[in-house]
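Chains as they are written, first to last, in the working numbering: chain A, 1 to 314; chain B, 315 to 731.
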Amino acid sequence: MRDFPDWIRFPVADRVDLAMRWVLTNMGWFFDWVGDVGLRILIAVERTLLFIPWWVAVIGVGVLAWRAIGSKRSGIAMAVLLFMVGAFGYWPHAMNTLSVVIVAVAFSITLGIPLGILMAWNNSVRNVLTPILDAMQTMPSFVYLIPALMLFGLGRVPATFATVIYAIPPVIRLTNVGIREVPTAVIEASTAFGADRWNLLFDVQLPLARPSIMVGVNQTTMMALAMVVIGSMIGNRGLGMEVLLAINRVNIGQGFEAGISIVFLAIIIDRITTAFARAKRVEVVTSEDDETEATEEAQKESSKSLSDSPGLAG
Amino acid sequence: MSNQSESSGGVQAAPPSSADSQFAVRAQGIWKVFGRNPERVLEPKYRDLPKKELQRRTGCVVGLRDVNLEVKAGELFVLMGLSGSGKSTMIRTLLRLVEPTSGTLHVDGKDVGAMSHKELLEFRRNLVSMVFQGYGLLPHYTVLENAAYGLRLRGDEKAEREAGAMEALKMVGLGGWENYYPASLSGGMQQRVGLARALAKNPDILLMDEPFSGLDPLIRRQMQDELVDLQEDIGKTIIFVTHDLPEALKLGDRIAIMRDGQVIQVAEPEEILSNPFDEYVRAFTRDASPARVFTASTVMEEPEMLLYRWQGPLTARTEMEHHKREWSFVVDRKRVYLGVATRDVIERLAKEKRATVEKDDLQYLEPVKPDVIIEDLFGLVSSESYPLPVTDEQGKLLGVVRPRAILNALSTEENDA
Numbered sequence: 001m002r003d004f005p006d007w008i009r010f011p012v013a014d015r016v017d018l019a020m021r022w023v024l025t026n027m028g029w030f031f032d033w034v035g036d037v038g039l040r041i042l043i044a045v046e047r048t049l050l051f052i053p054w055w056v057a058v059i060g061v062g063v064l065a066w067r068a069i070g071s072k073r074s075g076i077a078m079a080v081l082l083f084m085v086g087a088f089g090y091w092p093h094a095m096n097t098l099s100v101v102i103v104a105v106a107f108s109i110t111l112g113i114p115l116g117i118l119m120a121w122n123n124s125v126r127n128v129l130t131p132i133l134d135a136m137q138t139m140p141s142f143v144y145l146i147p148a149l150m151l152f153g154l155g156r157v158p159a160t161f162a163t164v165i166y167a168i169p170p171v172i173r174l175t176n177v178g179i180r181e182v183p184t185a186v187i188e189a190s191t192a193f194g195a196d197r198w199n200l201l202f203d204v205q206l207p208l209a210r211p212s213i214m215v216g217v218n219q220t221t222m223m224a225l226a227m228v229v230i231g232s233m234i235g236n237r238g239l240g241m242e243v244l245l246a247i248n249r250v251n252i253g254q255g256f257e258a259g260i261s262i263v264f265l266a267i268i269i270d271r272i273t274t275a276f277a278r279a280k281r282v283e284v285v286t287s288e289d290d291e292t293e294a295t296e297e298a299q300k301e302s303s304k305s306l307s308d309s310p311g312l313a314g
Numbered sequence: 315m316s317n318q319s320e321s322s323g324g325v326q327a328a329p330p331s332s333a334d335s336q337f338a339v340r341a342q343g344i345w346k347v348f349g350r351n352p353e354r355v356l357e358p359k360y361r362d363l364p365k366k367e368l369q370r371r372t373g374c375v376v377g378l379r380d381v382n383l384e385v386k387a388g389e390l391f392v393l394m395g396l397s398g399s400g401k402s403t404m405i406r407t408l409l410r411l412v413e414p415t416s417g418t419l420h421v422d423g424k425d426v427g428a429m430s431h432k433e434l435l436e437f438r439r440n441l442v443s444m445v446f447q448g449y450g451l452l453p454h455y456t457v458l459e460n461a462a463y464g465l466r467l468r469g470d471e472k473a474e475r476e477a478g479a480m481e482a483l484k485m486v487g488l489g490g491w492e493n494y495y496p497a498s499l500s501g502g503m504q505q506r507v508g509l510a511r512a513l514a515k516n517p518d519i520l521l522m523d524e525p526f527s528g529l530d531p532l533i534r535r536q537m538q539d540e541l542v543d544l545q546e547d548i549g550k551t552i553i554f555v556t557h558d559l560p561e562a563l564k565l566g567d568r569i570a571i572m573r574d575g576q577v578i579q580v581a582e583p584e585e586i587l588s589n590p591f592d593e594y595v596r597a598f599t600r601d602a603s604p605a606r607v608f609t610a611s612t613v614m615e616e617p618e619m620l621l622y623r624w625q626g627p628l629t630a631r632t633e634m635e636h637h638k639r640e641w642s643f644v645v646d647r648k649r650v651y652l653g654v655a656t657r658d659v660i661e662r663l664a665k666e667k668r669a670t671v672e673k674d675d676l677q678y679l680e681p682v683k684p685d686v687i688i689e690d691l692f693g694l695v696s697s698e699s700y701p702l703p704v705t706d707e708q709g710k711l712l713g714v715v716r717p718r719a720i721l722n723a724l725s726t727e728e729n730d731a
């Protein structure tokens, strides 16, 4: 009596398999096409990354980190971390991993921000999306490998696909939260001056939600990096593959080198994107003196860089 | 849209003096009901029920109940009431920021209720501006961009809208601040930006929803004075919402008093005071004597000089000589009131070679709160040789009340009568 009765069974697994088979037979051409395009993009990005001389990349990352974080020491530290990845002999692998992360994050942002906007605008959309996003984040990440494998076969395209599914929830959620938290006073005032929905979105909601959205982008990026490693189980090369090989050979030294390279990449990406999320807040100037040329210059600078980064809007 | 010439029809029993003037705003039978199926509240069996009974039986809350208003062109019309009286809801219906449940609204001769979405946008962009209690400025725009925002929405070219915004900023005394961001401005200055944004598009009608309520009392009075001056110059129709009777009396050509979503009296300030419609209005105005209406915050002024606690006795002496004063109020870093220092005390401390002025050295004159009515200040002012310090809850020195200011306040009110 304590066991669950044998005669009550709803075999959902069969249905899922059936649906998947239907998709494969009827829409296979579509996924072939998507896979083909995806592969071209991935290879192009990877080639670009490999085309850049290593020392240019190291110096570039150093300067970027220095400018973004605002301290010379951080800049040097980030450059050294990237240098170490190369010194371990994993430069090409790191670039491969990075190319998948870049494509997956770019795709997540282009899809995720509009979805987040819809979610903020419409409560029904939010009510439908919230449980789906919850499920996406709680589902063990390995499960995503199965449909990815079936739709796109082996290689970096299915890995990117699985990565997007795994990494997209934060940017959707935080876009939604950021827009919903825009003070109603600002929305109301802008509406009173005749702003329509698009004016509100581009003039008010997206700029004010920017810090929240950037946190979402940062989280999405970190999750993408974590998933790319798992993606090596379906044939994505790069750093994850090195870890996998080390496991198979029980080679602790190799595992450590590849693992720490991933950590270094993660630190570099995290520090730089976090700094970008925090930066560009409008500086507060309280001086009433006339000697404010320097600060005015700084303000112009910051407002310029605000308008220079419309990547969120599009 | 077709009702432009209706005002001459004499449908309303308007007083003879204003029979010819066009109404800038005319609201007839405006209801606003919050809740599910709000229309049914208008049915005869519900519409006359008191608010609580109605809420119990239908679950709906009445925000506005059959409001009728007529505001003449060029008039400064005040909507006054306590919070929850519907005054803010009413002013929002004029732009349809709140959709009225029923009733007709004519603003500037146009039927606002009948407008399509597109017409409504055009209407908001061109004819009416609003100033908000919470300012509602865009933090990522400069002062200039904020002031120009209405013009940008209207579709003005960049050069044109910046010229218009600059002019409006100069009008509100913010010339030279155009490249700053709102966060670096004080509350009063932010509200000036809000006002400049409203004035920039040169609207026919200006709506102001408790624009000065968030400001310090002295700044607030200054802004009120400036609004009166501005009104003289530009002659806009202004609808001004406030919960503050002195403010209403000071600004309003006419005042409408609201309670529980209804307008219960519309009259000129004098009449409100001399002939309150009912107990509610009477409670507002209490005894009409200005001595009981006006409070310390309405008559207080900036102190002529202030000493800071960390200033030593020698600095203090120099300051006093510079200002030719025999005494001064002393405050700390956060402007918290500490007491009064006289010249004698300072001289003594200087002789003792003390580094700072401490609280124990000072004479402590009991401060008053800003909401104390003038009548209660009489005794205090006359018994002291110093003006009265006015402090807020944190003990911060807001201003000082001089006997002369009280007399001035009382005499101007009587002259007006």
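The beta carbon of each residue, even a glycine, is placed where N, CA and C say it ideally should be.
Please classify residue i: does DSSP put it in a helix, a strand, or coil?
i        : result
B:Gly713 : strand
B:Ser335 : Note on B:Ser335: pLDDT 47, under 50, position unreliable in the model; the coordinate value appears next. Coil, per DSSP.
B:Ile720 : helix
B:Ala669 : coil
A:Pro5   : coil
B:Lys515 : coil
B:Gly395 : coil
A:Ala120 : helix
A:Trp55  : helix
A:Ala19  : helix
B:Thr456 : coil
A:Tyr90  : coil
B:Gln625 : coil
B:Ala328 : Confidence is the limiting factor: at B:Ala328 the pLDDT is only 39, short of 50, which leaves the residue's position unreliable, though a coordinate-based value still follows. It is coil, neither helix nor strand.
B:Asp730 : With a pLDDT of only 43 at B:Asp730, under 50, the local geometry of the prediction cannot be trusted, and the value read off the model is given with reservation. The answer is helix: DSSP assigns B:Asp730 an H, G or I state.
A:Val83  : Per the sequence shown, residue 83 of chain A should be read as Phe rather than Val. A:Phe83 falls in the helix class under three-state DSSP.
A:Phe193 : coil
Under 8 Å between beta-carbons, which chain D residues line up against residue i? List them in chain order, please.
i        : result
B:Tyr463 : Given the protein chain composition of this structure (A and B), no chain D is represented.
On a CA-only basis, which of the options is nearest residue i? Give me that one, please.
i        : options                                   : result
B:Leu520 : B:Leu483, B:Ile552 and B:Met480           : B:Ile552
B:Leu563 : B:Tyr678, B:Ala723 and B:Pro627           : B:Ala723
A:Ala226 : A:Leu149, A:Asn248, A:Ile102 and A:Ala192 : A:Ile102
A:Gln205 : A:Ala87, A:Asn218, A:Ala189 and A:Phe142  : A:Ala189
B:Cys374 : B:Leu408, B:Asp675 and B:Glu353           : B:Glu353
B:Asp523 : B:Gly448, B:Ala664, B:Asp380 and B:Lys365 : B:Gly448
B:Asn382 : B:Lys366, B:Arg340, B:Met394 and B:Val376 : B:Arg340
B:Leu467 : A:Ala195, A:Phe152 and A:Arg156           : A:Ala195
B:Thr403 : B:Leu679, B:Asp380, B:Asp425 and B:Glu357 : B:Asp380
B:Gly417 : B:Gly398, B:Leu378, B:Leu435 and B:Val385 : B:Leu378
B:Arg623 : B:Arg647, B:Glu615 and B:Met634           : B:Arg647
A:Ala224 : A:Ser99, A:Trp7, A:Trp29 and A:Lys72      : A:Ser99
B:Arg716 : B:Glu707, B:Arg573, B:Lys710 and B:Phe692 : B:Phe692
B:Gln336 : B:Leu411, B:Gly423, B:Pro414 and B:Glu689 : B:Gly423
B:Asn493 : B:Gly502, B:Val650, B:Val507 and B:Met485 : B:Val507
B:Lys710 : B:Glu474, B:Leu544 and B:Leu620           : B:Leu620
Give me the DSSP bridge partner(s) of residue i.
i        : result
B:Met773 : An answer regarding residue 773 of chain B cannot be provided, because it is not within the stretch 315 to 731 covered by chain B.
B:Ala425 : In the sequence as displayed, the identity of residue 425 of chain B is Asp instead of Ala. DSSP lists B:His420 as partners of B:Asp425.
B:Glu615 : B:Val714
A:Ser108 : Partner(s): none; A:Ser108 has no beta bridge.
B:Met522 : B:Val445 and B:Phe554
B:Val381 : B:Ile344
B:Ile687 : B:Thr609
So, are the CB atoms of residue i and residue j less than 9 Å apart?
i        : j        : result
A:Phe83  : A:Ser261 : no
B:Arg535 : B:Thr612 : yes
B:Ile405 : B:Met444 : yes
A:Phe31  : A:Phe152 : yes
B:Leu712 : B:Thr705 : yes
A:Ile317 : A:Ala68  : As shown, chain A starts at 1 and ends at 314. That puts residue 317 of chain A outside it, with no answer to give.
Query - Contact list for the region 189-205 of chain A against chain B, Cβ threshold 9 Å - result: Within the region 189-205 of chain A, the residues whose Cβ lies closer than 9 Å to some Cβ of chain B are Ala189, Ser190, Thr191, Ala192, Phe193, Gly194, Ala195, Asp196, Asn199, Asp203 and Val204, listed in chain order.
Query raised in the report: For the region 157-188 of chain A, which residues have a beta carbon sitting closer than 7 Å to at least one beta carbon of chain B?
Result: So the close ones are Ala185, Val186 and Glu188.
Requested in this report: Give, in chain order, every residue of the region 399-412 of chain B whose Cβ lies closer than 9 Å to some Cβ of chain A.
Outcome: Answer set for the region 399-412 of chain B: Arg406, Leu409 and Leu411.
Query raised in the report: What are the residues of the region 343-358 of chain B that lie near chain A, defined by any Cβ-Cβ distance shorter than 8 Å?
Result: Answer in chain order: no residues at all.
Report task. For the region 4-15 of chain A, enumerate the residues whose C-beta is nearer than 7 Å to any C-beta of chain B, in chain order. Result -> Cβ contacts with chain B: none found.
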